[in-house]
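Colleague: Chains as they are written, first to last, in my numbering: chain A, 1 to 240; chain B, 1001 to 1101.
By construction, the Cβ of each residue, glycine as well, lies at the ideal position given by its N, Cα and C atoms.
#1: Compute the beta-carbon to beta-carbon distance between residue 223/A and residue 22/A, rounded to the nearest angstrom, for a pair I have assumed lies under 8 Å.
#2: For a cutoff of 8 Å on Cβ pairs, would you count residue 1085/B as touching chain A?
#3: Which of the residues in the stretch 1042-1059 of chain B, read from start to end, lie with their CB under 8 Å from any CB of chain A?
#4: If you draw a straight line from the alpha carbon of residue 116/A to that of residue 67/A, how long is it in whole angstroms?
#5: Helix or strand or just coil, what does DSSP make of residue 217/A?
#6: Using only the alpha-carbon positions, how far apart do residue 172/A and residue 82/A sit?
#7: What residues from the stretch 1072-1097 of chain B come within 7 Å of chain A, judged by C-beta to C-beta, listed N to C?
#8: Whole angstroms is fine: what's the gap from residue 230/A's alpha carbon to residue 136/A's?
#9: Decide yes or no for the touch test of the stretch 37-52 of chain A against the stretch 9-25 of chain A: beta carbon pairs closer than 8 Å, at least 3 of them.
#10: Could you tell me which chain B residues have their CB closer than 8 Å to the CB of residue 51/A, listed as they occur along the chain?
#11: At a CB-CB cut-off below 7 Å, which residues of chain A make contact with residue 1022/B?
#12: Let me make sure I understand the geometry here. Which of 28/A, 225/A, 95/A, 113/A has the alpha-carbon closest to that of residue 200/A?
#13: Closer than 6 Å by C-beta to residue 209/A: which residues in its own chain qualify, once you throw out the five before and the five after it? Chain order, please.
#14: Could you name the residues of the stretch 71-97 of chain A whose beta carbon sits closer than 8 Å to any beta carbon of chain B, in the order they occur along the chain?
#15: Helix, strand or coil for residue 156/A per DSSP?
#16: Between residue 1087/B and the rest of its own chain, which residues show a CB-CB distance below 8 Å, the 5 nearest in sequence each way excluded?
#17: Look at residue 74/A and residue 1048/B and say whether their C-beta atoms are less than 8 Å apart.
#18: Taking any Cβ of chain B, which residues in the stretch 116-140 of chain A have a Cβ under 9 Å from it, in chain order?
#19: Put residue 1082/B into one of helix, strand or coil per three-state DSSP.
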């Protein structure tokens, strides 16, 4: 994929429902490709489109004031805390799912390489450093547009992460849990370092000019409407 | 409620592709027809909304491998999915009623 112009949207830290609403807004309202970089104003668990809320420890999330939001993309539950999250939205993309993951994940791999890390694409949708997952990604395609979003883990509190997720019964063996825990790692870089590296790598990998922009009042209103009518509702959260 | 309709039963399985597929369903004990089914997990289907079509389409289908497989195949024909295969999804659904026996 090569682009003449890529818009860069840095939306700062927001709550989970607004973060997901902005991603959906971009999916239906982008003409140019957009790289969005964002964070979370409070810890949040996002669950995949197909997941049940039984997959998370609902009670513990409430006790610890952790938001829960359902994504528009598949995949597993993600605990968003110390991380940089990105989304990439484009109308011009390879039709093959694996190929498109590989191409877009190329900007993550290149960014991590710029930061001195030996990052590799791990099909279908992960990026690893030294064999450990540091970035998970998920995609959806709507309106002839592809949205890929993903998290780059800066630091991970493994024990907290697992205390908030309900590990399926058949995975409950000490070895299997410890295998899963050992497969995840943070990259020990700052949000700003990763953000700068990601913008540089997007320019390097996809070519073209990066143009910074912000959402206007009208666009923000549309995102808020999506929060109110979809992402913050029980209808959506408990959909499955 | 029809006394032949079993209560909702659930089974969770990890596919060989490492993804979780959970089935919650009720079925008629006598006719072995699916009454309702919910398929959840950390897999991917594109487009995502096909899952609702699949769950709807499986209602009324007999809990026999070939019937189930044919229906799943038909509904997922134009979709792309990752994390399970048609055979593994069929087997997990059948395993759900085996757990009950």
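Modeller: For this structure:
#1: 5 Å between Cβ atoms; contact.
#2: Not one chain A Cβ lies under 8 Å of residue 1085/B.
#3: Against chain A - using a Cβ distance shorter than 8 Å - the residues of the stretch 1042-1059 of chain B are 1042, 1043, 1044, 1045, 1046, 1047, 1048, 1051.
#4: Spanning the two alpha carbons is a distance of roughly 33 Å.
#5: Residue 217/A sits in a helix when the DSSP states are folded into three classes.
#6: The pLDDT assigned to residue 172/A is 48, lower than 50, so where the model puts this residue is not dependable; a value taken from the coordinates is nonetheless given after this. So the two alpha carbons sit approximately 26 Å from each other.
#7: If you check each beta-carbon in the stretch 1072-1097 of chain B against every beta-carbon of chain A, the ones closer than 7 Å belong to 1080, 1082.
#8: Rounded to whole angstroms, residue 230/A and residue 136/A show a C-alpha spacing of 24 Å.
#9: By the Cβ test, the stretch 37-52 of chain A is in contact with the stretch 9-25 of chain A, since at least three Cβ pairs between them sit closer than 8 Å.
#10: When 8 Å is used as the limit between beta carbons, residue 51/A is near these residues of chain B: 1040, 1041, 1042, in chain order.
#11: Contacts between residue 1022/B and chain A, judged by CB atoms closer than 7 Å, involve 52 in chain order.
#12: Closest in C-alpha terms to residue 200/A, from the list 28/A, 225/A, 95/A, 113/A, comes 113/A.
#13: Taken in chain order, the residues that qualify are 5.
#14: The stretch 71-97 of chain A vs chain B, Cβ under 8 Å: 72, 73, 74, 75, 76, 77, 97.
#15: Correct three-state label for residue 156/A: coil.
#16: 1069.
#17: Taking 8 Å as the cut-off, the Cβ atoms of residue 74/A and residue 1048/B count as close.
#18: Cβ contacts with chain B come from 124, 125, 138, 139, 140.
#19: If DSSP states are grouped into helix, strand and coil, residue 1082/B belongs with the strands.
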